[in-house]
Structure formats: structure tokens, C-alpha cells
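Q: Provided herewith is a single structure, encoded as C-alpha cells, for subsequent inquiry.
Residue numbers (this note's numbering): 373 to 789.
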């Protein structure tokens, strides 16, 4: 237990440091494009979207391959390779002189993406069965904390250094995380992926993973959740600006900061608590409640412009976020086959990245044609699909339990006769 607690603490520090580094990149990108790339106007939005999305696209494509390598040769080597590679590529960003160079470096950065996904894999497969929910929830809390303090650190650095001088701080965070993996993370013996008499290919492994029912429903649910959540983020500034309120002593930037922080604060505070509750009542029940509540919150946000109600919705959405992805990952942990943990969770991450990539891209198109209300109606429908999948999983598990009982009774009857 002491050994696992030390490992868990090290992995939590990795999650915090790398998430902080990712969060620092967000405020540095516009400043880089304006000061170094001399980009402004519509080109600023186009380049920002392209550079930011490039990382997700490569991560989505490479994760299944990294998962297979991790299952066969070890997750820690992939984490070290990813960490040192990401440190080097991020340090090179300070040398870029044109936007296209930064875009290429972001593509290269996506090739070294194994450190955070494998951190989650090691925590989920290493935690005791009655601690999976709270472990996943604590992991999400650390990730959200990093995403919250990262922009604050980057904005503070910009007051003292140029954009070029601020980029090395991102590399330092990633380097510390990699050193933590090197010194403190221990990987136990791995189960063989296949027996000595079998030969498997990447496609055959994917087929075996896809046949883990109800994994396809969990994958679709994770895509929908990330599509709706990440797709809403670029719209929040315009949504808050259009709201009505009596807080005249706060400007739009303060209102936006409070709105975004409300969601993050709820995730940070309630993720471990809901994780403990998940271990008691089961992750599927919380997933049903969270997706149903998110569905209703989208209806409210589509019809209101009253800021206090908007703020309440965003805070409550943080509770929903705390009850969504950790419980999907906890359910995947119960389905995964020995020796295929990395590939299975890599597939989950690929579907998550697909949602993160398509949400903002399609969100802009939807808002341009149907307005902000049209986006929240779309998000409502997407959360509705995720909610339907959660109830579909429950029906599948009920049928499977009934079938198992029937087969057990049949075997007993056959043995007695």
C-alpha cells in the first residue's frame, strides 16, 4: 500500500505539471502570433484555430499505436520518450519566427503525447477495485487544477518576459514531470498481449477491443461529452457579453473569468467526492445523472440571458463534468482485457480527442448560422445521445446479468440430473 501511495503521488504530480504546461500555452499563442508572427484580424483566429487543433489531430491518430507499443514494451518507456520529446519540441517553439513553423512544431508535439494518457492507465490499473472511482476523480481534479493555474502563470510571465522568454517555462514543467516518472514511477509485470502460438495485428487488436461490450457505447459517450464541453468554451466569451446583470462594478473580462472559474472550481472540489460516491453506488448511475443534468442545463442556457442563472448553470455543469469522464474510465477499467490496457484506453483517448477537435470547429459554424442559442440546442442533443448511451449500457448489463443467472441455473440443473 505504501508503494502504491508513493506511485499515486508521483503520477498526480505528473498530471498537474503537464496539465499546467498545456494550460500555459493558451494565453501565449495569441501573443506569439501578434508579436512574433505579426498576425492580426481574421488571420489571427484562423492561425490560432489551426495551430491549437494540430496537436489534437495528431494525438487522435497516434494514440492507438502508442497504446500498442506500451502494452508490448512498457508504459514507462513510452512516457519517458514522450516527456523528453515534448520538452525538446516545446523548447524549440521559442525559436519559431513564422506561424507555420509553430504549427509544424505543434504537429511534432502531438507525436509525443503518451505521458498523460499512460499516467491515467497506470492509475486505473494500479488502483484497488474499490478505489477506482476516487482515483480517477482525483486525477481529474489535478488536471483541472493545472488547466486553471497554467494560464495564470503564463499571463504573469508575460508581464516580465517576452513571448520567447516565456516558452521555456512550459518545457521546464514538462521536464520536471518526466523526471518524476523516471525516478518515482514503477511499472509492474505486464500480462502478455497474446500467447506464444498467436500472432496479432493492430487491426485484429482493435477488433477484439471493439467487441468488449458495452465499450462502443462508452466510446460514443466520451466523444459526445468532449464535443459539447470543449465546443462550448470558445462561445462562452460571446455568451457572457450578451448577458444581462446588475453587477456594474465588474467589466466583461471579470465576468468571463468568474464564469470559467466557476466550472473549474466545481470540478476541482467535487471530482474526488463524486469519485468516492462512484465507488459506493457504481459509476453508471452517476454517469446517467450527470448526462441527464447536462442535457437540462443546455436547455436553460439556450433560453436565458440572466447572468446569475448562467453562472449557476456553469457551476452545476462542473459537477456534471466531475461525474462524466472519470466514471466512463472507471467502467472501461472493468472491461479491459489483461495485456491490452494501453490499447483500450488509447482508443478511449482517441475518441475523446476527436470530440475535442470537432467540437470547436463545428461550433463556430453552428454559431455563425444559428446563433448561440443554436449551439446550446446542438449541445443539448449531443448530451442527449450520451445520456441515451448511458441508459443503453444499463439495459445491456441487466440483460447480461439475467443471462448469467439463467446459464448458472441451467448448469446446476444439468449437474443434478
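Idealized CB from N, CA, C, for every residue including glycine.
A quick note: this is a predicted structure, and the numbers were derived from the prediction, not measured.
Among 477, 392 and 488, whose alpha-carbon lies nearest the alpha-carbon of residue 435?
A: Reading the chain shown from its first residue, position 63 is the one you call residue 435. If we check each option's Cα against that of residue 435, 488 comes out closest.
Q: With a 10 Å radius around its C-beta and 16 neighbouring C-beta atoms as the bar for buried, classify residue 502 as buried or exposed.
A: Residue numbering aside, residue 502 sits at position 130 when the chain shown is read from its first letter. Per the 10 Å Cβ criterion, exposed.
Q: Where do the ends of the alpha helix (DSSP H) carrying residue 573 lie?
A: The count along the chain shown starts at 1 and reaches residue 573 at position 201. Looking at the DSSP string, residue 573 is not in any alpha helix (DSSP H), and its letter there is neither H nor E.
Q: Taking residue 438 as the reference, give the member of 730, 709, 720 and 376 with the closest Cα.
A: For the purposes of this step, residue 438 is identified with residue 66 of the chain shown, where counting begins at 1. For the residues 730, 709, 720 and 376, the minimum Cα distance to residue 438 belongs to 720.
Q: Any idea what DSSP makes of residue 568, helix, strand or coil?
A: Within the chain shown, residue 568 is the residue found at index 196, counting from 1. Its pLDDT being 44, under 50, residue 568 is placed unreliably by the model, and nothing is read from it.
Q: At what residue ranges does the region 624–653 contain a whole run of the alpha helix (DSSP H), taking only runs of 4 or more?
A: 624–653
Q: For the alpha helix (DSSP H) containing residue 675, name the first residue and the last one.
A: Stepping through the chain shown from its first residue, residue 675 is reached at position 303. Looking at the DSSP string, the run of the alpha helix (DSSP H) that includes residue 675 is 655–675.
Q: Can you give the Cα-Cα distance for residue 714 and residue 745, rounded to whole angstroms?
A: Residue numbering aside, residue 714 sits at position 342 when the chain shown is read from its first letter. Residue numbering aside, residue 745 sits at position 373 when the chain shown is read from its first letter. So the alpha carbons of these two residues sit roughly 39 Å apart.
Q: Hey, residue 589 and residue 394: beta-carbon distance below 8 Å or not?
A: Here residue 589 refers to the residue found at position 217 of the chain shown. Here residue 394 refers to the residue found at position 22 of the chain shown. Cβ distance not < 8 Å, so residue 589 and residue 394 don't count as in contact.
Q: Residues in its own chain within less than 7 Å of residue 517 by CB, not counting five upstream and five downstream?
A: Along the chain shown, one-based indexing puts residue 517 at 145. Beyond the five residues adjoining it in sequence on each side, residue 517 comes within less than 7 Å, by CB distance, of 388 and 640 in the same chain, given in chain order.
Q: Run the CB neighbour count on residue 485, radius 10 Å, all protein chains shown included, and call it buried at 16 or more, exposed below.
A: In the chain shown, the residue the question calls residue 485 occupies position 113. Under this definition residue 485 is a buried residue.
Q: Judging by CA-CA distance, which residue of 756, 672, 766 and 548 is the nearest neighbour of residue 600?
A: For this step, residue 600 is matched to residue 228 along the chain shown. The candidate whose alpha carbon is nearest that of residue 600 is 756.
Q: Looking at residue 523: is its Cβ nearer than 8 Å to the Cβ of residue 398?
A: Numbered from its first residue, the chain shown carries residue 523 at position 151. Numbered from its first residue, the chain shown carries residue 398 at position 26. Yes, these two residues count as a Cβ contact at 8 Å.
Q: So, using beta-carbon positions, are residue 546 and residue 690 closer together than 8 Å?
A: Residue numbering aside, residue 546 sits at position 174 when the chain shown is read from its first letter. Residue numbering aside, residue 690 sits at position 318 when the chain shown is read from its first letter. Cβ distance not < 8 Å, so residue 546 and residue 690 don't count as in contact.
Q: To the nearest angstrom, how far is it from the Cα of residue 607 to the Cα of residue 735?
A: Position 235 of the chain shown, counted from the first residue, corresponds to residue 607. Position 363 of the chain shown, counted from the first residue, corresponds to residue 735. C-alpha separation (whole angstroms): 8 Å.
Q: Would you kindly check if the distance between the Cβ of residue 427 and the Cβ of residue 481 is under 8 Å?
A: Here residue 481 refers to the residue found at position 109 when the chain shown is read from its first residue. Here residue 427 refers to the residue found at position 55 when the chain shown is read from its first residue. Result yes, Cβ atoms of residue 481 and residue 427 sit closer than 8 Å.
Q: With distances taken Cα to Cα, identify the nearest neighbour of residue 400 among 465, 390 and 415.
A: Locating residue 400 in the chain shown gives position 28, where the first residue counts as 1. Ranking 465, 390 and 415 by Cα distance to residue 400 puts 465 first.
Q: Excluding the 5 residues preceding and the 5 following residue 584 in the sequence, name in chain order all residues of the same chain whose CB lies nearer than 6 Å to its CB.
A: Numbered from 1 along the chain shown, position 212 holds the residue referred to as residue 584. These residues qualify, in order along the chain: 707.
Q: With DSSP collapsed to three states, give me the class of residue 484.
A: For the purposes of this step, residue 484 is identified with residue 112 of the chain shown, where counting begins at 1. Looking at residue 484 - three-state DSSP - the assignment turns out to be coil, as it is neither helix nor strand.
Q: Going straight from the alpha carbon of residue 535 to that of residue 655, what length do you get?
A: Sequence index remark: in the chain shown, residue 535 carries index 163 (1-based). Sequence index remark: in the chain shown, residue 655 carries index 283 (1-based). Each residue's alpha carbon lies about 43 Å from the other.
Q: Given a cut-off of 8 Å, decide if residue 663 and residue 696 are closer than it, judged by their beta-carbon atoms.
A: The count along the chain shown starts at 1 and reaches residue 696 at position 324. The count along the chain shown starts at 1 and reaches residue 663 at position 291. Yes, Cβ-Cβ distance for residue 696 and residue 663 is below 8 Å.
Q: How many Å lie between residue 557 and residue 677 at the Cα?
A: Sequence index remark: in the chain shown, residue 557 carries index 185 (1-based). Sequence index remark: in the chain shown, residue 677 carries index 305 (1-based). If I take the Cα positions, the gap works out to 48 Å.
Q: Pick out whichever of 495, 520 and 460 has its Cα sitting closest to the Cα of residue 509.
A: Locating residue 509 in the chain shown gives position 137, counting from the first residue. The candidate whose alpha carbon is nearest that of residue 509 is 495.
Q: Does the distance from the CB of residue 490 to the CB of residue 450 come in under 8 Å?
A: The residue given as residue 490 occupies position 118 in the chain shown. The residue given as residue 450 occupies position 78 in the chain shown. Yes, Cβ-Cβ distance for residue 490 and residue 450 is below 8 Å.
Q: Report yes or no: do three or more beta-carbon pairs, one from the region 634–652 and one from the region 680–690, lie closer than 8 Å?
A: yes
Q: Nearest to residue 610 by alpha carbon, out of 594, 627 and 533?
A: As a working mapping, residue 610 is identified with position 238 in the chain shown. The shortest C-alpha separation from residue 610 is found at 627.
Q: Per DSSP, which one or two residues make a beta bridge with residue 616?
A: Along the chain shown, read from residue 1 onward, the residue named residue 616 stands at position 244. BP columns for residue 616 point to 678.
Q: Might you give, ordered along the chain, the residues of its own chain that have their beta carbon closer than 8 Å to the beta carbon of residue 739, omitting 5 neighbours on each side?
A: As a working note, residue 739 is residue 367 in the chain shown. Cβ within range, chain order: 607, 610, 746 and 747.
Q: Give the secondary structure of residue 499 by DSSP, where H, G and I count as helix, E and B as strand, and everything else as coil.
A: Counted from its first residue, the chain shown places residue 499 at position 127. If DSSP states are grouped into helix, strand and coil, residue 499 belongs with coil.
Q: Starting from residue 586, trace the alpha helix (DSSP H) in both directions and tell me its first and last residue.
A: Start at 1 with the first residue of the chain shown, and residue 586 comes out as number 214. No alpha helix (DSSP H) contains residue 586, which DSSP labels as neither H nor E.
Q: For the alpha helix (DSSP H) that residue 468 lies in, which residues bound it at each end?
A: On the chain shown, position 96 is the one that residue 468 refers to. Segment: none, residue 468 is in no alpha helix (DSSP H) and carries neither H nor E.
Q: Rank 445, 681, 429 and 404 by C-alpha distance to the C-alpha of residue 723 and give the top, closest one.
A: As a first step, residue 723 is located in the chain shown; it is residue number 351 there, counting from the start. Of the listed residues, the one whose Cα sits closest to residue 723 is 429.
Q: Which residues bound the alpha helix (DSSP H) around residue 533?
A: Taking the chain shown and counting its residues from 1, one reaches residue 533 at position 161. DSSP places residue 533 in no alpha helix (DSSP H); its state is neither H nor E.
Q: Rounded to whole angstroms, what's the CA-CA distance from residue 440 to residue 581? Just pull it up for me.
A: In the chain shown, residue 440 corresponds to position 68, counting from 1. In the chain shown, residue 581 corresponds to position 209, counting from 1. Distance between the alpha carbons of residue 440 and residue 581: 12 Å.
Q: With a threshold of 16 other CB atoms inside 10 Å of the CB of residue 579, please say whether the residue is buried or exposed.
A: As a first step, residue 579 is located in the chain shown; it is residue number 207 there, counting from the start. Its Cβ having fewer than 16 others within 10 Å, residue 579 is exposed.
Q: Please check the pair residue 762 and residue 593, which I expect to be a contact at CB under 8 Å, by giving their CB distance rounded to whole angstroms.
A: Counted from its first residue, the chain shown places residue 762 at position 390. Counted from its first residue, the chain shown places residue 593 at position 221. The beta carbons of residue 762 and residue 593 sit about 6 Å from each other, so the pair counts as a contact at 8 Å.
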